[in-house]
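Visitor:
In my numbering, the protein residues as written are -10 to 427.
What follows is the structure, given as structure tokens:
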């Protein structure tokens, strides 16, 4: 079977065997739920409840703060204890709604919907906006905005990103195996918005069972095909995916829509199906709890706002002593400083590694080996960009195309000198972006 790919990239140990055969298990949280009002790119949501109010499962508790924003819904029934800043997994403090779970899980009425064949394009977009669906495989860009390009007739490809190239993560894989009809159904909803588009379900070739299941699921769908990708990190990055499947090259000044593409994550697509077809707002997602420091790795249907420490206990807790806990995967995730933080719309995984799996070799000087150049999927020279970072030379950093970095971490992964190249480049990119906003 021919596979599609891109130049560069790496092949890290994937660790997926720990959880890939573990079916998704629904988890009902026991403690308080914390709902950050910024779980997405854009303006924070605005609370529409107050301390002491009783809320129900699926009840809207915060309204979108603008067009580029997203509402928040309660995932349990209970009483609003407070609205105050709370820490999230990034280490930032975010204004949040805290709900005391009463354990009853009483449900509010669903979203008002009509039969799909009676919906207009505007109806579909409005339901997706109202449901709180955001990009669940990345930074949380509001999905209704992504699905509202200025020229929808120029969109000719809708890509469902099922690559799941990040080590240890298996939530998308389990969705493909267990819920293929939701992926097809959600993709058909999106295709209804773009008359000239075909749908492509993009899967790496290390997932043969998922490929077979999805091919069978779409065999009678004239506008939907499966595209098989070479297993390589970061195949699931938006730019790499578009290049591999469509042969089009995206840069930092462009959006996928500029190339006629819309890219949505697997979990996002199923959430679109739940919203538009079933009238369900976004209150849960599949989260992988895995790593060699987790006693019983698995995949959990996790309600938004669930305490991370509570979820780890559900996966058997920790084994071993010295460990690193990461929100996300080891390549693009970030180390957590506290486990008493909530899961959010963008929490795809919690990964915990024993100390033996975490490199602590001392950093040495660059030896000019060129491995970072070979690994870079954007054709950059990471070692040179890191030098500009050390000197805070923002002008040279931009001249050497540092803003094209996708922060995948490949350069740091292959560096024999153990230099934190990706983090150094990321820091300067943040400085450049901050300067541009002034």
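All C-beta atoms, glycine included, are put in the ideal place defined by N, C-alpha and C.
Run through the DSSP bridge pairs and tell me what residue 135 is partnered with.
Guide: Answer is none; residue 135 lacks a bridge partner.
Visitor: With distances taken between CB atoms, is the gap from residue 192 to residue 166 smaller than 9 Å?
Guide: It is not a contact, given that the beta carbons lie outside the stated cut-off.
Visitor: Specify the secondary structure class of residue 327 as computed by DSSP and reduced to three states.
Guide: DSSP places residue 327 in coil when its eight states are reduced to three.
Visitor: Could you check the C-alpha separation between residue 111 and residue 269 for me, to the nearest Å?
Guide: Going by the C-alpha atoms only, they are around 18 Å apart.
Visitor: Output the residue ranges of the alpha helix (DSSP H) runs that lie fully inside the region 203 to 283 and measure 4 residues or longer, sorted by chain position.
Guide: DSSP runs (the alpha helix (DSSP H)) wholly in the region 203 to 283: 227 to 235, 255 to 265.
Visitor: Quick one: what does DSSP say residue 168 is sitting in, helix, strand or coil?
Guide: In the structure shown, residue 168 sits in coil (DSSP, three-state: anything other than H, G, I, E or B).
Visitor: Less than 8 Å between the CB atoms is what I'm expecting for residue 258 and residue 172, so what's the real figure, rounded?
Guide: With 8 Å as the limit, residue 258 and residue 172 qualify as a contact, their Cβ atoms being about 6 Å apart.
Visitor: By the three-class DSSP mapping on this structure, what secondary structure does residue 307 have?
Guide: It is a strand residue.
Visitor: Who are the near neighbours of residue 4 in its chain, counting only those whose CB is closer than 6 Å to its CB and skipping five residues on each side?
Guide: Within the same chain, residue 4 has close Cβ partners 156, 157.
Visitor: Here's the rule I'm using: 16 or more other beta-carbon atoms within 10 Å means buried, otherwise exposed. How should residue 56 be labelled?
Guide: Exposed.
Visitor: Tell me the start and end of each unbroken beta strand (DSSP E) in the region 71 to 110 that is at least 3 residues and wholly inside, in chain order.
Guide: Runs of the beta strand (DSSP E) inside the region 71 to 110: 82 to 90.
Visitor: Ordered along the chain, which non-local residues of its own chain (more than five positions away) have a Cβ less than 6 Å from that of residue 163?
Guide: 13, 288.
Visitor: Between 99, 139, 125, 407, which lies nearest to residue 116 when the distance is taken from Cα to Cα?
Guide: Of the candidates 99, 139, 125, 407, the one whose C-alpha sits nearest the C-alpha of residue 116 is 99.
Visitor: Verify whether the separation of the beta carbon atoms of residue 380 and residue 342 is less than 9 Å.
Guide: In this structure, residue 342 does not lie closer than 9 Å to residue 380 by Cβ.
Visitor: Taking Cβ positions, are residue 180 and residue 202 nearer each other than 9 Å?
Guide: Cβ atoms of residue 180 and residue 202: not closer than 9 Å.
Visitor: Among residues of its own chain, excluding the 5 on either side of residue 238, which ones have a beta-carbon nearer than 7 Å to its beta-carbon?
Guide: Contacts found: 232.
Visitor: Would you kindly work out how many angstroms separate the C-alpha atoms of residue 0 and residue 140, rounded to a whole number?
Guide: Each residue's Cα considered, the two are about 38 Å apart.
Visitor: Classify residue 24 as helix, strand or coil using the three-state DSSP reduction.
Guide: In the structure shown, residue 24 sits in a strand (DSSP, three-state: E or B).
Visitor: Considering only residues of the region 137 to 164, which uninterrupted beta strand (DSSP E) runs meet the minimum length of 3 residues and lie entirely inside it, listed in chain order?
Guide: Those beta strand (DSSP E) runs which fall completely within the region 137 to 164 and span 3+ residues are 146 to 150.
Visitor: Once you ignore the five residues that flank residue 178 on each side, which residues in its own chain have a CB closer than 6 Å to its CB?
Guide: Around residue 178: 261, 265.
Visitor: Out of 28, 2, 198, 18, which has the shortest C-alpha to C-alpha gap to residue 304?
Guide: Measuring from the Cα of residue 304, the nearest candidate turns out to be 18.
Visitor: Between residue 16 and residue 255, is the Cβ-Cβ spacing less than 9 Å?
Guide: No, they are not a contact pair.
Visitor: If we ignore side chains and look at the alpha-carbon of each, how far apart do residue 418 and residue -8 end up?
Guide: Cα to Cα, the separation comes out at about 33 Å.
Visitor: With burial defined as no fewer than 16 other Cβ atoms inside 10 Å of the residue's Cβ, what is the status of residue 358: buried or exposed?
Guide: Exposed, since its Cβ has fewer than 16 Cβ neighbours within 10 Å.
Visitor: In this structure, how does DSSP classify residue 362 when only helix, strand and coil are distinguished?
Guide: Helix, per DSSP.
Visitor: Within 8 Å, do at least three Cβ pairs link the region 21 to 28 to the region 82 to 91?
Guide: As far as the Cβ criterion goes, the region 82 to 91 touches the region 21 to 28, which means the pair count is three or higher.
Visitor: Just the Cα atoms here: how many angstroms apart are residue -5 and residue 229?
Guide: Computed Cα separation, rounded: 6 Å.
Visitor: My output table needs one value for residue 405: the three-state DSSP class, helix, strand or coil.
Guide: DSSP places residue 405 in coil when its eight states are reduced to three.
Visitor: Comparing the C-beta of residue 107 with each C-beta of chain B, is any distance below 9 Å?
Guide: Among the chains of the structure shown, chain B does not appear; only one protein chain is present.
Visitor: Taking its Cβ as the centre, do 16 or more other Cβ atoms sit within 10 Å of residue 175, making it buried, or is it exposed?
Guide: By the 10 Å Cβ count, residue 175 comes out buried.
Visitor: For residue 344, which residues from the same chain have a beta carbon less than 6 Å from its beta carbon, with the 5 sequence-adjacent residues on both sides left out?
Guide: Hits under 6 Å: 311.
Visitor: Let me confirm a value: residue 243 is counted as buried when at least 16 other C-beta atoms fall within 10 Å, else exposed. Which label applies?
Guide: Exposed is the call here.
Visitor: Any contact between the region 391 to 400 and the region 359 to 371? By contact I mean 3 or more CB pairs, one from each, below 8 Å.
Guide: Yes, the region 391 to 400 touches the region 359 to 371.
Visitor: Are residue 38 and residue 67 close, meaning C-beta to C-beta below 9 Å?
Guide: Cβ distance not < 9 Å, so residue 38 and residue 67 don't count as in contact.
Visitor: Pick out whichever of 267, 105, 123 has its Cα sitting closest to the Cα of residue 34.
Guide: For residue 34, the nearest C-alpha among the options comes from 123.
Visitor: So, helix, strand or coil for residue 36, using DSSP?
Guide: In the structure shown, residue 36 sits in a strand (DSSP, three-state: E or B).
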